[in-house]
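Trainee: Number 168 in the numbering used here belongs to position 180 of the sequence shown; there are no gaps in the numbering.
One structure follows; several queries about it will come next.
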Amino acid sequence: MTDDQLLRYSRHILLDDIGIEGQQRLLASNALVIGAGGLGSPAALYLAASGVGHITLVDDDDVDLTNLQRQTLHATDRIGQPKVDSGRAALLAMNPGVIVTALRERACGARLETLVRAASVVLDCSDNFATRHALNRACVAAKVPLVSGAALRFDGQISVFDARDAASPCYACLFPEDGGFEDVACASMGVFAPLVGVIGAMQAAEALKLLLGIAPSLAGRLLLLDGRSMAWTSIGVARDALCPACHG
């Protein structure tokens, strides 16, 4: 590590659970962030600030004025730009010492599987069940840990699905693909701006813990946040022995 890196990450290095060795591990890691919106903004910013060496940001959308109420990666003067380009600029302004790969696409199929296999950890910051399930299948196949978050109105949730652990459930154990769950967009239902910041920051925290080997993670637990009362509920999640995604 350079003198500048030792200074930049000094508050991490002071932590017994991280130290120089842990910080070097972060610098050598690749985090795949799917979605550069409300959740992806705080998640990616904290990953960059923390020194995750390579961040791959995937999103096929452009910055819109309605995004700026909550999507802190973006700014008014970048309206109309691809979100991944706007996000890359913000992350490099935060920390020019990281590599940011900006992919303006909706990754799926073999392409998504390739991106997941190259990652040390995956953060699902998307907003639809099709993407979440595709990511889950790819992470199960590649045995790459997945940090999943969601936020709508005043309600948020977060969990970790770690296919490296044979006892850990996958996303489909909790939300089966044939479960009839319907996508609900914040464009029609709304979302409390700080809520995505809370959940997205927690996604970054869980991702960093996974990269550093700091236990326990949220694997096997679903945290639900009621943003009105600021009350957390923790629900145990067991692996489904009949789940086709992780037992197929």
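Don't be surprised by glycine CBs; every beta carbon is placed ideally from N, CA and C.
Here the structure is a predicted model, which is why all the values come from computation and not from measurement.
1. Checking the sheet assignment: what are the DSSP bridge partners for residue 79?
2. Within its chain, find whatever has a CB closer than 7 Å to the CB of residue 155; leave out the 5 residues flanking it on each side and keep chain order.
3. Going by DSSP, which residues form a beta bridge with residue 238?
4. With DSSP collapsed to three states, give me the class of residue 150.
5. Taking the alpha-carbon of residue 224 as reference, which of 231, 181, 214, 146 has the nearest alpha-carbon?
6. Do you know whose CA, among 148, 99, 153, 204, lies nearest residue 131's CA?
7. Using CA atoms only, rank isn't needed, just tell me which of -8, 53, 124 is closest to residue 39.
8. Considering only the beta carbon of each residue, do residue 88 and residue 195 sit closer than 8 Å?
9. Look up residue 217 in the DSSP assignment and say whether it is helix, strand or coil.
10. Contact check, residue 30 vs residue 207 under 8 Å by CB: the rounded distance?
11. On the DSSP letters alone, give me the boundaries of the alpha helix (DSSP H) that residue 136 sits inside.
12. Just the C-alpha distance for residue 74 and residue 230, rounded to the nearest angstrom, thanks.
13. Please report the Cβ distance between residue 79 and residue 36, rounded to the nearest whole angstrom; I am assuming they are in contact, meaning their Cβ atoms lie under 8 Å.
14. To the nearest angstrom, report how far apart residue 57 and residue 112 are at their CA atoms.
15. Quickly, what does DSSP pair residue 145 with across the bridge? List them, please.
16. Measuring straight from C-alpha to C-alpha, what distance separates residue 27 and residue 5?
17. If I measure Cβ to Cβ from residue 200 and keep anything under 8 Å in the same chain, skipping five residues before and after, which residues do I get?
Mentor: Let me spell this out:
1. Sequence index remark: in the sequence shown, residue 79 carries index 91 (1-based). Within the DSSP secondary-structure output, residue 79 pairs in no beta bridge.
2. Position 167 of the sequence shown, counted from the first residue, corresponds to residue 155. These residues qualify, in order along the chain: 227.
3. Residue 238 is absent from the structure shown; the chain starts at -11 and stops at 236.
4. On the sequence shown, position 162 is the one that residue 150 refers to. In the structure shown, residue 150 sits in coil (DSSP, three-state: anything other than H, G, I, E or B).
5. In the sequence shown, the residue the question calls residue 224 occupies position 236. For the residues 231, 181, 214, 146, the minimum Cα distance to residue 224 belongs to 146.
6. Translated into the one-based positions of the sequence shown, residue 131 becomes position 143. Ranked by how close their Cα comes to the Cα of residue 131, the residues 148, 99, 153, 204 have 153 in first place.
7. Residue mapping note: residue 39 aligns to position 51 of the sequence shown, counting from 1. Of the candidates -8, 53, 124, the one whose C-alpha sits nearest the C-alpha of residue 39 is -8.
8. As a position in the sequence shown, residue 88 is number 100, starting the count at 1. As a position in the sequence shown, residue 195 is number 207, starting the count at 1. Result no, Cβ atoms of residue 88 and residue 195 do not sit closer than 8 Å.
9. If you number the sequence shown from 1, residue 217 lands on position 229. Collapsing the DSSP output to three states places residue 217 in coil.
10. Position 42 of the sequence shown, counted from the first residue, corresponds to residue 30. Position 219 of the sequence shown, counted from the first residue, corresponds to residue 207. With 8 Å as the limit, residue 30 and residue 207 do not qualify as a contact, their Cβ atoms being about 21 Å apart.
11. Position 148 of the sequence shown, counted from the start, is the residue given in the question as residue 136. Looking at the DSSP string, residue 136 is not in any alpha helix (DSSP H); the run it does join, the beta strand (DSSP E), is 134 to 140.
12. Residue 74 sits at position 86 when you count from the first residue of the sequence shown. Residue 230 sits at position 242 when you count from the first residue of the sequence shown. A straight-line Cα-Cα distance of about 42 Å links residue 74 and residue 230.
13. Working through the sequence shown from its first residue, we reach residue 79 at position 91. Working through the sequence shown from its first residue, we reach residue 36 at position 48. Yes, residue 79 and residue 36 are in contact; Cβ-Cβ is about 4 Å, under 8 Å.
14. On the sequence shown, residue 57 is found 69 positions in, with the first residue counted as 1. On the sequence shown, residue 112 is found 124 positions in, with the first residue counted as 1. Each residue's Cα considered, the two are about 21 Å apart.
15. The count along the sequence shown starts at 1 and reaches residue 145 at position 157. Residue 145 is bridged to 138, 212.
16. On the sequence shown, residue 27 is found 39 positions in, with the first residue counted as 1. On the sequence shown, residue 5 is found 17 positions in, with the first residue counted as 1. Rounded to whole angstroms, residue 27 to residue 5 spans 26 Å at the Cα level.
17. Translated into positions along the sequence shown, residue 200 becomes position 212. Hits under 8 Å: 5, 6, 10, 13, 14.
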